[in-house]
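These protein sequences, in sequence, are chains A and B.
Residue 1 is where the first sequence starts when you use my numbering, and the numbers rise one by one after that.
Residue 1001 is where the second sequence starts when you use my numbering, and the numbers rise one by one after that.
Idealized CB from N, CA, C, for every residue including glycine.
Written below as structure tokens is the structure these notes are about.
Protein chains: 2
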Amino acid sequence: MLHSHNDPPAAVEAGGLSRYSEQKRRQILQAAFRLFLRHGFEATTMDAIAREADVSKATVYAHAKNKQELFAGIVAGRAALIYGSVELQGAESAAPEDALSRFARHFIQLILSPEAQGIYRLVVAEAPRNPELGRIFFEQGPRAVTQRLAAILEAQVRTGHLNVDDPLAAAQEFLGMLHGKFHLPCVLGVAGQPPVEELERAAERVVRTFLKVYGSMR
Amino acid sequence: MLHSHNDPPAAVEAGGLSRYSEQKRRQILQAAFRLFLRHGFEATTMDAIAREADVSKATVYAHAKNKQELFAGIVAGRAALIYGSVELQGAESAAPEDALSRFARHFIQLILSPEAQGIYRLVVAEAPRNPELGRIFFEQGPRAVTQRLAAILEAQVRTGHLNVDDPLAAAQEFLGMLHGKFHLPCVLGVAGQPPVEELERAAERVVRTFLKVYGSMR
DNA sequence: GTCTATATGAAGATAGAC
DNA sequence: GTCTATCTTCATATAGAC
């Protein structure tokens, strides 16, 4: 069996982990994530992860207690990263059309990105057998985004730019509409990745619809 | 190993299948569906299906070519059944508030039913490795419902009760909003099954929001 | 920490008797 | 069609050397 030559572990450094180990750790996490995305949790084997990461299986087990923990750690971590990236700078002070537009464009591209779709599939599939994973994903992902949007809406209400009775409910309507046209067909592989212009058009339409309901200057 | 006593197959009847065989077929399909819902595709074994159906594994293979086909057949069949049940009688002629209300209440209870949620998880999880399954589910399920709703909206536009520019887009907005508050948390197991009254309130809110945008008498 | 080698158990699928 | 028994492959996880 081929594998790269192995230097002996370097001396342990400040953090308590050798450089060597850190690199293997990254290899393992990346390989595992790639394979989980491609084959799902059950169909991904520890053998395949070791092969893809170019380490031995025993090394994989040295870095992760078992397959479950490897999986949950990776997926939760990536989900938080991705959903945390929704850009909201200055959204409270901008004109509502602009704030909502920017938010909508970011969000729709986020949820249609291949990585976000892959994570969505994994979490939806495994949540019943791994409730903690479902909880972490939901709270750090969709729920966090919803709450941030609700906060923006509330700020816009205070400045008189919007007229929203229930910011949380309105935020859920807004995000629901943004899923509308593309999310499910893409997740199911029925539609390919839509071109950016089409996404922007869809986002703009949702913003216009939303402002017809909650815009305060009509 | 325990199993029920086996009578020899009864004489073949009109349809070409013995009663005996039809019963085992039902046992197998039901058992497989239960297990797929509970454990997902990969983690469900043919051994377990045979055990749960109280037949031998060879009998399972006599009724289904392999695990893939057993799975796809069951899931697609149940999905079509469930989504086909959305009640739309007379929706074109009723007042738009009533038509949309009835539709919304049915739809939101449909997508939150345990069986629909289970199928959703299975299809989302396996669609990348089984594109045909994703396509069939989408077309017979969500897409069919969306188109029926769009047709209702169009009829309401013709009678002057609604003012919708793009019935398909509006239908997608409506259905997206109906997913909004409950669908994801329930699919992820973060929230339990909400009580019916709460679902009705949520449905009513969406209808009101929708009519603020597309109602023609304001 | 990292490797090779292996223990242990199941998986999907089929053979062959009835 | 249905069973029991089995083939073959491969899974998760660990032991033991370095």
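Check: Does the beta-carbon of B/L1081 have 16 or more other beta-carbons within 10 angstroms, so that it is buried, or is it exposed?; Outcome: exposed
Check: Keeping to the same chain, check which residues put their C-beta closer than 7 Å to that of B/V1213; ignore five residues upstream and five downstream.; Outcome: none
Check: State the Cα-Cα distance for the pair B/A1072 and A/K181, rounded to the nearest angstrom.; Outcome: 25 Å
Check: What is the DSSP secondary structure of B/L1112, counted as helix, strand or coil?; Outcome: helix
Check: For A/L35, I'd like the list of residues in its chain whose CB is within less than 7 Å of its CB, leaving aside the five on either flank, ordered along the chain.; Outcome: T44, A48, I49 and E52
Check: By the three-class DSSP mapping on this structure, what secondary structure does B/L1175 have?; Outcome: helix
Check: If you compare alpha carbons, which of A/A170, A/L211, A/E115 and A/R205 is closest to A/C186?; Outcome: A/E115
Check: I want to see whether chain B comes within less than 7 Å of A/P128, judged by CB atoms only; does it?; Outcome: yes
Check: Sorted by chain position, which residues of the same chain lie with C-beta nearer than 8 Å to B/G1160's C-beta, five sequence neighbours on each side aside?; Outcome: S1216
Check: Give me the chain A residues within the contact set of B/L1188, using Cβ-Cβ distance strictly less than 8 Å, ordered along the chain.; Outcome: V123, V124, A127, G134, R135, F137 and F138
Check: Going by DSSP, what residue range makes up the alpha helix (DSSP H) through A/R51?; Outcome: M46 to A53
Check: Which same chain residues, not among the five before or five after A/A144, have their C-beta less than 7 Å away from its C-beta?; Outcome: Y83
Check: DSSP beta-bridge partners for B/G1040?; Outcome: Partner(s): none; B/G1040 has no beta bridge.
Check: Ordered along the chain, which non-local residues of its own chain (more than five positions away) have a Cβ less than 8 Å from that of B/Q1172?; Outcome: T1146
Check: Do you know offhand how far B/L1112's Cα is from B/A1191's?; Outcome: 11 Å
Check: I'd like to know whether the C-beta of B/Q1172 is nearer than 7 Å to at least one C-beta of chain A.; Outcome: yes
Check: Using the C-alpha atoms, what's the distance from A/Q27 back to A/L175?; Outcome: 35 Å
Check: Compute the distance between the beta-carbons of A/R148 and A/L88, then report whether it is under 7 Å.; Outcome: yes
Check: Touching or not, the segment 121-132 of chain A and the segment 63-79 of chain A, by the rule of three or more beta carbon pairs under 8 Å?; Outcome: yes
Check: Looking at C-alpha atoms only, which residue of B/E1200, B/F1210 and B/R1102 is the closest neighbour of B/S1093?; Outcome: B/R1102
Check: Checking 7 Å against the spacing of the C-beta atoms, do B/A1060 and B/K1024 come in under that value?; Outcome: Per the sequence presented here, residue 1060 of chain B reads as Val, with Ala not at that position. Their beta carbons are not under 7 Å apart, which means B/V1060 does not touch B/K1024 by this criterion.
Check: Name the chain A residues whose beta carbon is nearer than 8 Å to that of B/T1209?; Outcome: E173 and V213
Check: For B/L1162, which of B/L1168, B/L1153 and B/A1169 has the nearest alpha-carbon?; Outcome: B/L1153
Check: Quick check: is the beta carbon of A/L184 nearer than 7 Å to any beta carbon in chain B?; Outcome: yes
Check: Hey, would you say B/A1104 sits closer than 7 Å to B/V1206, going by beta carbons?; Outcome: yes
Check: Please classify B/E1126 as buried or exposed, where buried requires at least 16 neighbouring CB atoms within 10 angstroms.; Outcome: buried
Check: Could you tell me which chain A residues have their CB closer than 8 Å to the CB of B/P1194, listed as they occur along the chain?; Outcome: Those within 8 Å of B/P1194 in chain A number zero; the least Cβ separation is about 14 Å.
Check: Taking all protein chains shown into account, do 16 or more other C-beta atoms lie within 10 angstroms of the C-beta of B/P1096, making it buried, or fewer, making it exposed?; Outcome: buried
Check: Output yes if chain B places a C-beta closer than 7 Å to the C-beta of A/Y20; else output no.; Outcome: no
Check: Closest Cβ-Cβ distance between A/K24 and chain B: below 7 Å?; Outcome: no
Check: With 7 Å as the limit, tell me which residues of the segment 1032-1058 of chain B have their beta carbon closer than that to any beta carbon of chain A; keep them in chain order.; Outcome: G1040, E1042 and A1043
Check: Thinking C-beta only, is B/P1167 closer than 7 Å to B/A1155?; Outcome: no
Check: Would you report the Cα separation of B/L1178 and A/H179, rounded to the nearest angstrom?; Outcome: 11 Å
Check: Determine, using beta carbons only, whether B/P1142 and A/L199 come nearer to each other than 7 Å.; Outcome: no
Check: Which first and last residues belong to the alpha helix (DSSP H) in which A/G73 is found?; Outcome: K67 to Y83
Check: Mind listing the chain B neighbours of A/H179? Cutoff is C-beta to C-beta under 8 Å, in chain order.; Outcome: G1176 and H1179
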